[in-house]
Amino acid sequence: MSRQLRRRTGHRRRSAAGLLAVLAALVALLLVAGGGTAITATRATFIPDRIPVVGRTGTICTVGAKQGDSSTSLSAVVMRQAPGRDGTLTGTPSAAAAPSFTLTEQGKGQVLPGFSRTVLLEGKGVMATASTASVVTVATTGAEEGLMAAPCQPPRSGSWLVGVGAGRSYRSELVLTNPDDAQAEVNLRYYGRNGLVVVPGSPGVVVAARSSTVVALEPLVAVEGPLTVAVRAEHGRVVAVARSLATSGQRPTGADWHLPSSAPSLRTVIPGIPEGDGTRELFVVNPGTTRAQVGVEVLGEQGSFAPAGAETIEVPPESTAAVQLADGLAGAAGAVRLTSDVPVTGSMVSRSTRPTATPDLAVQSAAPAMLRTGLVAVATTDAADSELVMSNDTDTEVSVSMEVLSYAGVTLRRDDILLAPNSTATRGLNSPAPSYLVVRAPGNIGVYGGVVLSQPEGASAGLTTMVVSSPDVASRAPRVRHDPTVGR
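The working numbering puts the sequence shown at residues 1075 to 1562.
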């Protein structure tokens, strides 16, 4: 075949292909115009598989240095998720050669008192996505007087610690823990009241393998007022938490673990805000380069409302703002919803007061919604009273169920909670201690929760909170639903 003939043939083929494409488009238009439907290929629908993924997960239970007359316990639990499947949950203190405890039965839990070192919690098999643990500290004297509690945290490449302090009356220490066998390197970025704060030595902080590094903010940060630290791992992964301490002169006035907030978003919820007297200070960070207009709503027991005097917050670019919400909350429990025109995130610092008692503080960080099942390792304890605070961030009613179980796996209480749209409901938890809590909701539909521990009597007005979180966060193999229109 000559070169000229090949050119003509190729041209005819391309012309024919183009003509066929035009004819197909005309047929589709005629079908639609005549009341028919043009059939097109659509993407297959993927449904998350309900069988739990077995694998391996690791979280870090941060334990601070002992201060004053205090005791720290670690509570680890495994909920019943897939009977007949094997797995283990182990806890290994830092620098230890072997685990200090092992759980092999679903539904069981264990309390280990007297912990003084950070613990690596490792779940294998089915327990990788059915377990959690929390650290609880009870102090009667010293800088941590009162209650402190925190669920163990997974390592991340980035974390937002919103509302930390660098002043004399309210200060924070960052605790960066590297669970891996290679060193990690992180950059710290500080957002103050008036923009970014330059802090020498903040880029390139090295955290050695399987160890922790403490960064005290007071001697490093030269500005007062609201502050956020963004932790970004350049190499490796770390668990970033802060220990926040408040004082009045030489007198301690509260301490708590300060956990990372959920990533900046246009819609953010801060759950588990406790009831009672004392200040409620909301912190909001805007990491973007344009000013943020942030709407503030309280999800209360009677529905949602804008707190008087704090309906809207303007947050400058790359800055952190603070506003008092105690008057708007009026001593009631609830959640705070933030809606913004640019991504933001936040936290609440709640303070407790009682006549003749030492005050305390508790930090509630913005959190993701529950994913079907939520778990809290400490529902009741002999050291404090307990209350469950559940919130619904949707426009429809949601029914959730709660179950309190002993660490022997015995159900102590079952209850259904009907959450009205955009509202909060509370339940007192008074089952024999120790116990843990399982909350079940119909999918990922905007349900949030927290457990509040408080000391209504005694020398300290102890207060701390723990978010209801979903342990099953592993990726799931998708199940494919057949779509008959595909490929027609």
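Backbone N, C-alpha and C fix where the C-beta goes; we use that ideal spot for every residue, glycine too.
Item, Value
"Could you check whether residue 1471 and residue 1056 sit closer than 8 Å to each other, using their CB atoms as the reference points?", "What is shown of the chain runs 1075 to 1562, which leaves residue 1056 out entirely."
"Under the assumption that residue 1541 contacts residue 1441 (Cβ atoms under 8 Å), give the Cβ distance between them as a whole number of angstroms.", "5 Å"
"Using a Cβ-Cβ cutoff of less than 6 Å, which residues in the same chain neighbour residue 1400 once the five nearest sequence positions on both sides are dropped?", "1353, 1354"
"Find the nearest neighbour of residue 1319 within the set 1435, 1448, 1308, judged by alpha-carbon distance.", "1435"
"Which of the three DSSP states, helix, strand or coil, is assigned to residue 1453?", "strand"
"Residue range of the beta strand (DSSP E) that residue 1301 falls in?", "1301 to 1309"
"Take the Cβ of residue 1332 as the centre, count every other Cβ of all protein chains shown within 10 Å, and call the residue buried at 16 or more, exposed below.", "buried"
"Three or more beta-carbon pairs under 8 Å between the region 1289 to 1302 and the region 1193 to 1201, yes or no?", "no"
"Applying the 10 Å Cβ sphere with the 16-neighbour rule, what's the burial state of residue 1430?", "exposed"
"Can you tell me where the beta strand (DSSP E) with residue 1258 in it begins and where it stops?", "1258 to 1266"
"Answer with buried or exposed for residue 1255, where buried requires no fewer than 16 other C-beta atoms within 10 angstroms of its C-beta.", "exposed"
"For residue 1054, which three-state DSSP category applies?", "Outside the displayed range of the chain (1075 to 1562) lies residue 1054, so it cannot be described from this structure."
"Measuring alpha carbon to alpha carbon, tell me which residue in 1357, 1526, 1518 is nearest residue 1459.", "1526"
"In chain order, what residues of the same chain lie with their CB nearer than 6 Å to the CB of residue 1313, ignoring the 5 residues before and after it?", "1134, 1227, 1229, 1251"
"Taking buried to mean at least 16 other C-beta atoms within 10 Å of its own C-beta, is residue 1243 buried or exposed?", "exposed"
"Can you give me the C-alpha to C-alpha distance between residue 1240 and residue 1262, rounded to a whole angstrom?", "14 Å"
"Quick one: measure Cβ to Cβ for residue 1218 and residue 1155, integer angstroms, because I've assumed they're closer than 8 Å.", "In fact, because the Cβ distance is near 35 Å, the residues do not count as touching under 8 Å."
"Decide if residue 1473 is buried, meaning its Cβ has at least 16 other Cβ atoms within 10 Å, or exposed.", "exposed"
"To the nearest angstrom, how far is the alpha carbon of residue 1558 from that of residue 1463?", "The predicted model places residue 1558 with a pLDDT of 49, which falls under 50 and marks its position as unreliable; any figure quoted below should be read in that light. Their backbone Cα atoms lie some 45 Å apart in a straight line."
"With DSSP collapsed to three states, give me the class of residue 1272.", "coil"
"By DSSP, does residue 1295 sit in helix, in strand, or in coil?", "coil"
"Does DSSP put residue 1202 in a helix, a strand or coil?", "helix"
"Using the three-state DSSP reduction, which class does residue 1160 fall into: helix, strand or coil?", "coil"
"Please classify residue 1466: is it buried, with 16 or more other beta-carbons within 10 angstroms of its beta-carbon, or exposed?", "buried"
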